[in-house]
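Trainee:
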Amino acid sequence: MSGFLFVVPPLVGHINPTVGVAAELTARGHRVAWASADPGLVRRLAGNEAVVFPCAGPVLTGEDGVRPAELRGPEALKFLWERFLVPLAEAMAPGVRAAIGEFGPDVVVADQQAFAGGLVAERLRVPWATSSTTSAEFTFAEALAGMPKVADWLDTLLHDLRGRIGDPSGTADPRFSPHLVLAFSTPELVGSGIGSGAEAGAGGRIRWVGPSMATRPDSADFPWTWLDPARATVLVTLGTANTDVGARFLAECRDALRSRADRVQAVIVDPANVLGAQADLDDLNDMDDKDDKDVLIRSSVPQLPLLERVDAVVCHAGHNTVCEALWHGVPLVVAPIRDDQPVVAGQVVDAGAGIRVRFGRVTAPKLGAAIDAVLHEPGYRAAAERIRTAFRAAGGARAAATHLEELAGATPSKEAP
Numbered sequence: 031m032s033g034f035l036f037v038v039p040p041l042v043g044h045i046n047p048t049v050g051v052a053a054e055l056t057a058r059g060h061r062v063a064w065a066s067a068d069p070g071l072v073r074r075l076a077g078n079e080a081v082v083f084p085c086a087g088p089v090l091t092g093e094d095g096v097r098p099a100e101l102r103g104p105e106a107l108k109f110l111w112e113r114f115l116v117p118l119a120e121a122m123a124p125g126v127r128a129a130i131g132e133f134g135p136d137v138v139v140a141d142q143q144a145f146a147g148g149l150v151a152e153r154l155r156v157p158w159a160t161s162s163t164t165s166a167e168f169t170f171a172e173a174l175a176g177m178p179k180v181a182d183w184l185d186t187l188l189h190d191l192r193g194r195i196g197d198p199s200g201t202a203d204p205r206f207s208p209h210l211v212l213a214f215s216t217p218e219l220v221g222s223g224i225g226s227g228a229e230a231g232a233g234g235r236i237r238w239v240g241p242s243m244a245t246r247p248d249s250a251d252f253p254w255t256w257l258d259p260a261r262a263t264v265l266v267t268l269g270t271a272n273t274d275v276g277a278r279f280l281a282e283c284r285d286a287l288r289s290r291a292d293r294v295q296a297v298i299v300d301p302a303n304v305l306g307a308q309a310d311l312d313d314l315n316d317m318d319d320k321d322d323k324d325v326l327i328r329s330s331v332p333q334l335p336l337l338e339r340v341d342a343v344v345c346h347a348g349h350n351t352v353c354e355a356l357w358h359g360v361p362l363v364v365a366p367i368r369d370d371q372p373v374v375a376g377q378v379v380d381a382g383a384g385i386r387v388r389f390g391r392v393t394a395p396k397l398g399a400a401i402d403a404v405l406h407e408p409g410y411r412a413a414a415e416r417i418r419t420a421f422r423a424a425g426g427a428r429a430a431a432t433h434l435e436e437l438a439g440a441t442p443s444k445e446a447p
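Per this note's numbering, the very first residue in the sequence shown carries number 31; after that it's consecutive.
See the structure below:
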């Protein structure tokens with residue numbers, strides 16, 4: 031039996047992929063714990079029984095960080111590192127040190143944006159693995175070769191951070207463990223060029239395990255009988271961190287889908303009620319308005335079960351949402367907003383599994399045309415199903431757990447059924 035400590039930022043999209051891995055390790059008899067600035071969020075996603083060591087740091091409500099939506103390019107990068115990633119690492123470091131001291135893990139599993147995990151583990155001489163919840167970081171690492179000033183700036187930030195919370199004599203990049211990098215995707219989505227390039231740059235330590243899917247605690251009620259099997263179903267979601275900028279886009283989606291009500295029904299996720307049209311479950315059986323029978327607007331949905339019943343997804347190209355849709359062989363219309371989303375959107379388009387539209391400018395007619403295409407042109411679904419096959423063959427949580435066992439020096443036990 032080995033011990034594994036997951037160090038995660040307070041971001042839904044970075045915790046979810048590790049939940050299945052932690053569950054698999056637990057099923058194999060290993061000890062599992064977490065270190066996070068938001069223990070409540072970890073327990074909500076991983077279950078109330080999760081052992082969580084608290085760390086200092088911001089408690090966020092979204093999956094994509096706190097950067098203002100209007101920032102772009104170098105200013106966005108500067109904000110991400112100087113205002114979020116580095117301060118988060120410094121805040122979390124004492125809690126991570128305490129967790130390692132108390133829990134005694136054989137391996138630390140550090141999220142790619144939780145720098146404290148790798149730096150503190152390196153200082154304490156504990157083997158550590160990187161949890162890479164989006165492949166965009168590999169693309170960025172390769173692109174730095176053509177941006178020497180940016181590369182030098184980042185090297186300086188990391189050097190100074192290591193001097194404050196890690197081993198000053200260490201050399202590891204906290205985004206890429208020298209021992210193991212678990213990438214929750216496959217080359218079929220990220221592209222063979224990116225995959226092979228990242229593999230070479232990381233010295234062969236990247237393991238493409240595909241999405242880690244797991245049953246999640248789910249408090250969202252959903253009126254399953256509302257779904258009409260005679261019509262195609264489209265899910266529209268912008269994740270949990272984009273409600274501040276989503277009103278116009280969601281309204282255009284609603285208009286595009288209502289104009290296709292004879293053949294399409296839609297579920298729109300609207301956490302902040304920016305559309306002002308939430309339907310109460312108690313009222314669903316008494317609906318007389320045609321529009322309410324064609325577009326269901328909910329503050330939250332049980333996304334994984336719902337994806338088993340939808341025919342297309344319109345989203346912001348968040349890595350988790352994209353991978354969950356493609357895990358089910360569902361094609362996408364992607365409208366990236368910020369951060370890694372343009373990279374992931376490009377992967378979807380290059381793989382042939384979807385169409386990209388402009389988040390800030392797309393109109394209902396253009397959205398409707400894109401939705402029609404992914405619903406009715408067979409190439410998009412064929413590409414999505416090809417990625418689905420690759421994802422499922424990669425092994426997901428089971429493969430990731432086996433790689434972690436090997437890093438811990440444990441003899442891999444029989445996989446749980």
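In this text, a Cβ means the ideal position worked out from N, Cα and C, and glycines have one as well.
#1: Could you check where the alpha helix (DSSP H) with Gln333 kicks off and where it finishes?
#2: Using the Cα positions of His209 and Phe168, report the straight-line distance between them to the nearest angstrom.
#3: Going by other Cβ atoms of all chains shown within 10 Å of its Cβ, with 16 needed for buried, is Glu112 buried or exposed?
#4: Could you give the residue range of the alpha helix (DSSP H) that holds Thr419?
#5: Examine the Cβ distances between the segment 127-136 and the segment 32-45 and report whether three or more of them are shorter than 8 Å.
#6: According to DSSP, which residues form a beta bridge with Cys283?
#7: Can you tell which of Ala394, Glu120 and Ala424 has its C-alpha closest to the C-alpha of Glu282?
#8: Using 8 Å as the threshold, is the C-beta distance between Leu107 and Phe145 below it?
#9: Looking at C-beta atoms only, is the number of pairs between the segment 351-361 and the segment 252-262 that lie closer than 8 Å three or more?
#10: Count Cβ pairs between the segment 415-430 and the segment 43-51 that sit closer than 8 Å; are there 3 or more?
#11: Classify Trp254 as buried or exposed, calling it buried when 16 or more other Cβ atoms lie within 10 Å of its own Cβ.
#12: So for Leu397, helix, strand or coil by DSSP?
#13: Quick check: what's the CA-CA separation for Glu66 versus Gly409?
#14: When the distance is taken between beta carbons, is Leu118 closer than 8 Å to Gly87?
#15: Which stretch, first to last residue, makes up the alpha helix (DSSP H) that contains Trp183?
#16: At a Cβ threshold of 8 Å, is Phe252 touching chain B?
#17: Answer yes or no: do Pro361 and Ala375 have a C-beta to C-beta separation smaller than 8 Å?
#18: If we ignore side chains and look at the alpha-carbon of each, how far apart do Phe252 and Val294 end up?
#19: Alpha carbon to alpha carbon, how far is Val373 from Leu184? Give it in angstroms, no decimals.
#20: Just the C-alpha distance for Asp292 and Ala202, rounded to the nearest angstrom, thanks.
#21: With the cut-off set at 8 Å, would you say Val344 and Val363 are in Cβ contact?
#22: For the alpha helix (DSSP H) that contains Arg61, what are its first and last residues?
#23: Using CA atoms only, rank isn't needed, just tell me which of Gly43, Asp141, Leu110 and Glu105 is closest to Trp64.
#24: Roughly how far, in whole angstroms, is the beta-carbon of His44 from the beta-carbon of Thr163, given that I think they are within contact range, below 8 Å?
#25: Considering only residues of the segment 128-161, which uninterrupted beta strand (DSSP E) runs meet the minimum length of 3 residues and lie entirely inside it, listed in chain order?
#26: Would DSSP call Gly33 helix, strand or coil?
#27: Please identify the residue among Pro241, Pro366 and Lys323 whose C-alpha is closest to the C-alpha of Gly46.
#28: Between Ile236 and Val211, how many whole angstroms is the CB-CB distance? I'm expecting something under 8 Å.
#29: Under the rule that 16 or more other beta-carbon atoms within 10 Å means buried, what is His406, buried or exposed?
#30: Would you kindly work out how many angstroms separate the C-alpha atoms of Gly221 and Ala381, rounded to a whole number?
#31: From this set, His60, Leu41, Val38 and Val42, which residue's C-alpha is nearest Ala431's C-alpha?
#32: Could you tell me whether the Cβ atoms of Ser329 and Asn303 are closer together than 8 Å?
#33: With DSSP as the reference, label Thr351 as helix, strand or coil.
#34: Express the C-alpha separation of Val72 and Val62 in angstroms, rounding to a whole number.
#35: Name the two residues that bound the continuous alpha helix (DSSP H) containing Ile45.
#36: Measuring CA to CA, which of Val81, Leu287 and Val378 is closest to Asp68?
Mentor: If we stick to the structure as given:
#1: The residue labelled residue 333 in the question sits at position 303 within the sequence shown. Element bounds for Gln333: Gln333 to Leu337.
#2: Within the sequence shown, the letter at position 179 stands for residue 209. Within the sequence shown, the letter at position 138 stands for residue 168. CA-CA distance, His209 to Phe168, rounds to 16 Å.
#3: Within the sequence shown, residue 112 is the residue found at index 82, counting from 1. Residue environment analysis places Glu112 among the exposed positions, since fewer than 16 neighbouring C-beta atoms fall within 10 angstroms of its C-beta.
#4: The count along the sequence shown starts at 1 and reaches residue 419 at position 389. Pro408 to Ala424 is the extent of the alpha helix (DSSP H) around Thr419.
#5: Between the segment 127-136 and the segment 32-45, the count of C-beta pairs closer than 8 Å reaches three or more; the two stretches touch.
#6: Looking up residue 283 in the sequence shown gives position 253. Beta-bridge analysis with DSSP links Cys283 to no other residue.
#7: Here the question's residue 282 lines up with position 252 in the sequence shown. From the listed residues Ala394, Glu120 and Ala424, the smallest Cα separation to Glu282 is found for Ala394.
#8: Indexing the sequence shown from 1 puts residue 107 at position 77. Indexing the sequence shown from 1 puts residue 145 at position 115. Note that the C-beta distance between Leu107 and Phe145 is not below 8 Å.
#9: Contact between the segment 351-361 and the segment 252-262 is absent, because fewer than three Cβ pairs lie under 8 Å.
#10: With a cut-off of 8 Å, the segment 43-51 and the segment 415-430 count as touching, because enough Cβ pairs lie within range.
#11: Counting from one through the sequence shown, the residue named residue 254 turns up at place 224. Of the residues assessed, Trp254 falls on the exposed side of the cut-off, its CB having fewer than 16 other CB atoms within 10 angstroms.
#12: On the sequence shown, position 367 is the one that residue 397 refers to. Note: Leu397 maps to helix in three-state DSSP.
#13: By 1-based counting over the sequence shown, the position of residue 66 is 36. By 1-based counting over the sequence shown, the position of residue 409 is 379. Note that residue 66 is Ser in the sequence shown here, rather than Glu. Going by the C-alpha atoms only, they are around 42 Å apart.
#14: As a position in the sequence shown, residue 87 is number 57, starting the count at 1. As a position in the sequence shown, residue 118 is number 88, starting the count at 1. For the pair Gly87 and Leu118, the CB atoms are nearer than the 8 Å cut-off.
#15: For this step, residue 183 is matched to residue 153 along the sequence shown. Counting along the chain, the alpha helix (DSSP H) containing Trp183 begins and ends at Pro178 to Ile195.
#16: The chain labelled as chain B is not found in the depicted structure, where only one protein chain is given.
#17: As a position in the sequence shown, residue 361 is number 331, starting the count at 1. As a position in the sequence shown, residue 375 is number 345, starting the count at 1. It is not a contact, given that the beta carbons lie outside the stated cut-off.
#18: Taking the sequence shown and counting its residues from 1, the one referred to as residue 252 is at position 222. Taking the sequence shown and counting its residues from 1, the one referred to as residue 294 is at position 264. So the two alpha carbons sit approximately 19 Å from each other.
#19: Translated into positions along the sequence shown, residue 184 becomes position 154. Translated into positions along the sequence shown, residue 373 becomes position 343. Cα to Cα, the separation comes out at about 20 Å.
#20: As a first step, residue 292 must be located in the sequence shown, where it is residue number 262. As a first step, residue 202 must be located in the sequence shown, where it is residue number 172. About 57 Å.
#21: Here residue 344 refers to the residue found at position 314 of the sequence shown. Here residue 363 refers to the residue found at position 333 of the sequence shown. The answer is yes: Cβ separation under 8 Å.
#22: Numbered from its first residue, the sequence shown carries residue 61 at position 31. No alpha helix (DSSP H) holds Arg61; the beta strand (DSSP E) holding it covers Arg61 to Ser66.
#23: Residue numbering aside, residue 64 sits at position 34 when the sequence shown is read from its first letter. Closest option to Trp64, Cα to Cα, is Asp141.
#24: The residue you call residue 44 lines up with position 14 of the sequence shown. The residue you call residue 163 lines up with position 133 of the sequence shown. With 8 Å as the limit, His44 and Thr163 qualify as a contact, their Cβ atoms being about 5 Å apart.
#25: For the beta strand (DSSP E) assignment, the uninterrupted runs of no fewer than 3 residues enclosed by the segment 128-161 are, from N- to C-terminal side, 137-141.
#26: The residue labelled residue 33 in the question sits at position 3 within the sequence shown. It is a strand residue.
#27: Here the question's residue 46 lines up with position 16 in the sequence shown. Sequence check: residue 46 is Asn here, not Gly. It is Pro241.
#28: Here residue 236 is taken as the residue at index 206 of the sequence shown, counted from 1. Here residue 211 is taken as the residue at index 181 of the sequence shown, counted from 1. Indeed they touch by this definition, with Cβ atoms about 5 Å apart.
#29: In the sequence shown, residue 406 corresponds to position 376, counting from 1. Classification of His406: exposed, given that the 10 Å Cβ count is below 16.
#30: The residue you call residue 221 lines up with position 191 of the sequence shown. The residue you call residue 381 lines up with position 351 of the sequence shown. Going from the Cα of Gly221 to the Cα of Ala381 covers about 7 Å.
#31: Looking up residue 431 in the sequence shown gives position 401. When only C-alpha atoms are compared, the closest one is His60.
#32: Taking the sequence shown and counting its residues from 1, one reaches residue 329 at position 299. Taking the sequence shown and counting its residues from 1, one reaches residue 303 at position 273. In contact: Ser329 and Asn303 (Cβ atoms closer than 8 Å).
#33: Within the sequence shown, the letter at position 321 stands for residue 351. It is helical.
#34: The residue labelled residue 62 in the question sits at position 32 within the sequence shown. The residue labelled residue 72 in the question sits at position 42 within the sequence shown. Taking the straight line joining both Cα atoms gives about 13 Å.
#35: Walking along the sequence shown from the start, residue 45 turns up at place 15. From DSSP, the alpha helix (DSSP H) with Ile45 extends over Val42 to Ala57.
#36: Here residue 68 is taken as the residue at index 38 of the sequence shown, counted from 1. With distances taken between Cα atoms, Asp68 lies closest to Val81.
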